[in-house]
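Chains as they are written, first to last, in our numbering: chain S, 852 to 958; chain D, 4 to 118. Every residue, glycine too, gets a C-beta built ideally from N, C-alpha and C. Here the structure comes first, spelled out in structure tokens, and everything after it is commentary.
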């Protein structure tokens, strides 16, 4: 059983919609990363957070340490946001990857 | 601009050949990782290193080997490639210094095809 669970696994939405991707983990963290992987395979680190909330452009990441839960939000979604989003638990010097959420934004 | 480099980007090779996938980073990170990813699937950790002369096998069994003779260099070697090794291989690095945790940095990956 993966210690990091993401939902949904697949998400298709219309351009402009507000998107939420969820990540739940079962063991303590030092930090939680949100990654974006485009169809070409390249991976970009979007956020790294261990508490609270971070915002970068249209992307917002939040984390609730007590509930062991993090969310990634995308406002005013755009087709170029189509990618796989992966959360990564960086805890006790071990990285545990979520299964990923495949997001498709339709124009 | 990438601070972690993987070569080659694409490789097509015949069964039985020995290959080495290169990964180098310029950030001085102690922690480096190799992941294997089949199309549309999860990343699986196959090897990691927490510093020079430190290497460990990851969660996914792999017939590859790694070495870490220098901080910046973490090559992965397949002694005898097989079609089952066809996959994408991603290298990553990070750092923890006291309470400071650096973001993960990924290379662009090597897409390996074994015929």
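Have a look at residue i and residue j and give me their C-alpha separation to the nearest angstrom.
i, j, result
"residue 64 of chain D", "residue 883 of chain S", "25 Å"
"residue 904 of chain S", "residue 871 of chain S", "14 Å"
"residue 860 of chain S", "residue 890 of chain S", "16 Å"
"residue 933 of chain S", "residue 954 of chain S", "5 Å"
"residue 864 of chain S", "residue 858 of chain S", "15 Å"
"residue 873 of chain S", "residue 19 of chain D", "43 Å"
"residue 84 of chain D", "residue 22 of chain D", "7 Å"
"residue 55 of chain D", "residue 80 of chain D", "17 Å"
Quick one, are the C-beta atoms of residue i and residue j less than 9 Å apart?
i, j, result
"residue 13 of chain D", "residue 113 of chain D", "yes"
"residue 33 of chain D", "residue 82 of chain D", "no"
"residue 892 of chain S", "residue 115 of chain D", "no"
"residue 957 of chain S", "residue 931 of chain S", "no"
"residue 886 of chain S", "residue 895 of chain S", "yes"
"residue 940 of chain S", "residue 949 of chain S", "yes"
Spell out whether any CB of chain D is found under 9 Å from the CB atom of residue i.
i, result
"residue 878 of chain S", "no"
"residue 953 of chain S", "yes"
"residue 941 of chain S", "yes"
Hey, does residue i have any beta-carbon neighbour from chain S nearer than 9 Å?
i, result
"residue 8 of chain D", "no"
"residue 120 of chain D", "In the structure as shown, chain D starts at 4 and stops at 118, and residue 120 of chain D therefore has no counterpart that could be examined."
"residue 28 of chain D", "no"
Quick one: measure Cβ to Cβ for residue i and residue j, integer angstroms, because I've assumed they're closer than 8 Å.
i, j, result
"residue 62 of chain D", "residue 47 of chain D", "6 Å"
"residue 9 of chain D", "residue 75 of chain D", "Residue 9 of chain D to residue 75 of chain D, Cβ: 13 Å. No contact."
Who are the neighbours of residue i on chain D, taking C-beta pairs under 7 Å?
i, result
"residue 894 of chain S", "93 and 109"
Please compile the residues from chain D whose C-beta is within a distance smaller than 9 Å of the C-beta of residue i.
i, result
"residue 849 of chain S", "Because chain S spans 852 through 958 in this model, residue 849 of chain S falls outside it and cannot be assessed."
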